[in-house]
Every structure is written in structure tokens, then in C-alpha cells.
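Written out below as C-alpha cells is the structure these notes cover.
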Amino acid sequence: MIYTFNLATPDNADEKAKPILTQLQGKFGMLPNFFGALGIDGVSLEAFMALQSKLEQSKFSKRDQEMLALAVANYNGCHYCVSAHTFSAKRMAGMNEEECREAQHGRAKDSREQVIIDIALAVLKNHGKLDQALLARAKAEGFTEADIVQLTLLTALNSFTNWLNNVVDPKIDFPEVPLV
């Protein structure tokens, strides 16, 4: 028997999730399945949205964040997130198809963007242990200790969404992009 999660909607969600899902549905004109998955637990949805709101103050651009998200999603094997972030990278960060695919491969043409991707992937591969050569590269590119802390948070947050989507396995409601 295959277990299927029941995605939350504004109609069936708990009291914490209901107003947030209603707002998200209005914002997007539909409720992306990721939010239906996260909305299964109102506390988790509320915490995620609060963190997302705080990260709007990030010094990292939407492009920086989308490159990191694509690299992390591909590393974590999240087909949903690769598809969703390719969509948002093109629409909201001005990235093209090739840049999105390269980010999935863990590559960027710009050395600063490459350091962002390398830090994120090193955090995942090495359980947060960054080697001195990478830290030196980051410093040479102008990254501060605070930047490295925030990149670690962005990596963790993206990993959480990847893992949640891998657990719940919602239908992809964006143009599908394959994992590489």
C-alpha cells in the first residue's frame, strides 16, 4: 500500500494554517502544493513563514538565493523544488535556462556566486564543516562571518523544504524540470 499525504487547504487546515493558506492562495491565485504540504502542520507553516519574512532583509539577492536553492534542491534530490525554483529564478531573479541548469550542477560563471554555491554544498556534504580554503575564498570575495552564518541558514531552510517535499511528495504544480 502506498501512503499518500492529504495536503492542507484553507478548508481543511488547522486554525494556525487556515489564515496563512488563505492569504497564500490569494497571493498566488492558487495554493502551490508545497504550501499544502507544509500546511499539514500549522505550527511548521507559521514558523516557516516567519523565517521567510525575516529573510526578506537578507543582503543576498533573489538571484543569489535562487542559485543556492537550485544547487541545494538538486543535491537533496527534490524534483519539486528544482522545478519551483527554476520557475521563480527565471521569473523573479532574471536567470535563464542555462544559468538554472548550471546552478543545479553546482556551477556559476561568477566567482562570488560560485562561492555561495560552494558554501551551501559544502555545508550539506560535510555536515557544516567548511575547509579553510573555502573560507579563504569566501573572505577574498568579501564575505563576512555573518554572511557565512546566513548562507548556512539559507542552506538549512532550503534543505528543510526539499526534505518535506521528498517526504510528502506533492504533485509538481510548476513546469517540470529534471534533476541533473
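So the sequence shown is numbered by full-length UniProt numbering: it starts at 1 and just counts up by one. Idealized CB from N, CA, C, for every residue including glycine. Note that this is a predicted model, so its numbers are computed, not measured.
Straight-line Cα distance separating residue j from residue i
i           : j           : result
residue 60  : residue 168 : 29 Å
residue 139 : residue 102 : 24 Å
residue 147 : residue 1   : 46 Å
residue 27  : residue 20  : 10 Å
residue 121 : residue 166 : 18 Å
Boundaries of the alpha helix (DSSP H) in which residue i is found, first to last residue
i           : result
residue 70  : 62–75
residue 19  : 17–28
residue 49  : 42–54
residue 150 : 145–168
residue 57  : Premise fails: residue 57 is in no alpha helix (DSSP H) and is neither H nor E.
residue 36  : 33–38
residue 125 : 111–125
residue 80  : 79–93
Buried or exposed by the 16-neighbour rule on C-beta atoms within 10 Å, applied to residue i
i           : result
residue 53  : exposed
residue 104 : buried
residue 71  : buried
Cβ-Cβ distance between residue i and residue j below 9 Å
i          : j           : result
residue 51 : residue 124 : no
residue 7  : residue 42  : no
residue 4  : residue 31  : no
residue 67 : residue 92  : no
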